[in-house]
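Engineer: Take a look at the following structure, please.
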Amino acid sequence: MGIIGYDDIVGAEGDLEAKNLPQSFVGSPPTDIPPSATGVVIEVRVLRVFRPDRLVFDRTDAAKVNVRDVKIGTTSLNASNNPVPGDMFAPDATNAMLRQTETASPNLSINVTIGNRTTVAVTALNFGFIGPSASP
Amino acid sequence: MSATLTMRVETPVEITAALEALALISERRIKAGRVRAGLYESGVRYRREPRGEEKWLAADEVLKAGYGDCEDLVAWRVAELRARGERGARPLAYQTRRPGVVHCIVVRANGQREDPSRLLGMGGVG
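Protein sequences, first through last, are from chains A and B.
Using the numbering used here, the letters of the first sequence correspond one by one to residues -3 to 132.
Using the numbering used here, the letters of the second sequence correspond one by one to residues 26 to 151.
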């Protein structure tokens, strides 16, 4: 009998008990994104250890913004210099899991760099992360 | 004095029992000052062992290696919580739906489940 990681046990036929592990969420501070902005950095602070599994935008906002980077500490999730459309992180997006994230903590924020794809300001942009956390 | 133990554990219950022993050893080493950082502040990350290899590491050994897999991280976390007074924290190994595959997590004193492996780098929910 081997003891193997989560990748092996949670898939299409994944384990019910593992899937029932608590997921937490973290919200961004509502932030205005000026028209045609290319790099507004939004710092998302966490109150306890948290590792994001998924980034989710409001459906309407997803169509207006792009994501240049998601960074925890110095680890960037963008493997290029180019932004990706916010639609990749719409509520109904598929294959939107973030699998290579570091662990955020009260001393290590999540920094998301956002652009505005439109010529109209996006007001009070608010997005969320879903993932496991641990109480202190 | 030191000893390397070889023991075959075959069921989740036996693995949980062995995890208790590893947590006890880790707790003693934490209390002796051999590990000063908490698991999540230590910089340690999850790393799966090569297939067929299964080394169980106490907290100080995980810290030295810089990584551990599920049973190593769970034993450290349980030891840390108990050393801080959360005596009801315990390890739990369970059989997954895939034959022969077991995973280990922490059950906190309030019943909440915590998966140090996922928090420290294991793949996300599929």
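Even for Gly, the Cβ is constructed at its ideal location relative to N, Cα and C.
Assuming contact is defined by CB atoms lying nearer than 8 Å, are GLY23 of chain A and GLY111 of chain A in contact in what I supplied?
Structural biologist: Going by C-beta atoms, GLY23 of chain A is not nearer than 8 Å to GLY111 of chain A.
Engineer: Grouping DSSP H, G and I as helix and E and B as strand, with all else coil, what is GLU45 of chain B?
Structural biologist: GLU45 of chain B: helix per DSSP, three-state reduction.
Engineer: Using a Cβ cut-off of 9 Å, pull out every chain B residue sitting near SER101 of chain A, in sequence order please.
Structural biologist: Chain B residues near SER101 of chain A: TYR65, GLU66.
Engineer: Leaving out five residues before and five after THR114 of chain A in sequence, what residues of the same chain have Cβ atoms less than 7 Å from its Cβ?
Structural biologist: PRO31, LYS60, listed in sequence order.
Engineer: Scan the segment 32 to 65 of chain A for residues whose Cβ lies nearer than 7 Å to a Cβ of chain B and list them as they occur along the chain.
Structural biologist: So the list reads VAL45, ARG47, ASP49, given in the order they occur along the chain.
Engineer: Fully enclosed by the segment 75 to 100 of chain B, which alpha helix (DSSP H) runs are 4 residues long or longer?
Structural biologist: Those alpha helix (DSSP H) runs which fall completely within the segment 75 to 100 of chain B and span 4+ residues are 84 to 90.
Engineer: So with Cβ pairs under 8 Å, would you call ARG133 of chain B a contact of chain A?
Structural biologist: Yes, contact with chain A.
Engineer: Against chain B, with Cβ distances strictly below 8 Å, would SER20 of chain A count as a contact?
Structural biologist: For SER20 of chain A, the answer is no, since every Cβ of chain B falls outside 8 Å of its Cβ.
Engineer: Whose C-beta lies closer than 6 Å to the C-beta of GLY77 of chain B among residues of the same chain, with five residues either side of it excluded?
Structural biologist: Excluding positions up to five away in sequence, the list is empty.
Engineer: Can you give me the C-alpha to C-alpha distance between SER129 of chain A and ASP28 of chain A, rounded to a whole angstrom?
Structural biologist: Cα-Cα distance, rounded: 28 Å.
Engineer: For a contact meaning CB atoms closer than 8 Å, what does GLY113 of chain B contact in chain A?
Structural biologist: Here the premise fails: no neighbours, minimum Cβ distance about 13 Å.
Engineer: I'd like to check one pair, ALA114 of chain B with ALA134 of chain B: are the Cβ atoms closer than 8 Å?
Structural biologist: Cβ atoms of ALA134 of chain B and ALA114 of chain B: closer than 8 Å.
Engineer: Could you check the C-alpha separation between VAL42 of chain A and ASN122 of chain A for me, to the nearest Å?
Structural biologist: Whole-angstrom Cα-Cα distance: 15 Å.
Engineer: Going along the chain, which residues of its own chain have a beta-carbon closer than 6 Å to the beta-carbon of ALA100 of chain B, five neighbours each way excluded?
Structural biologist: Excluding residues within five positions, the ones whose Cβ falls inside 6 Å are LEU44, LEU47, ALA48, SER51.
Engineer: In or out: SER27 of chain B buried (at least 16 other Cβ within 10 Å) or exposed?
Structural biologist: Classification for SER27 of chain B: exposed.
Engineer: List the residues of chain B that ALA130 of chain A touches, going by C-beta distances under 7 Å, in chain order.
Structural biologist: TYR65, GLU139, LEU144, listed in chain order.
Engineer: Taking the alpha carbon of ARG47 of chain A as the reference point, which residue from A:ASP65, A:GLY124, A:ALA100 has its own alpha carbon closest?
Structural biologist: Nearest option by C-alpha distance: A:ALA100.
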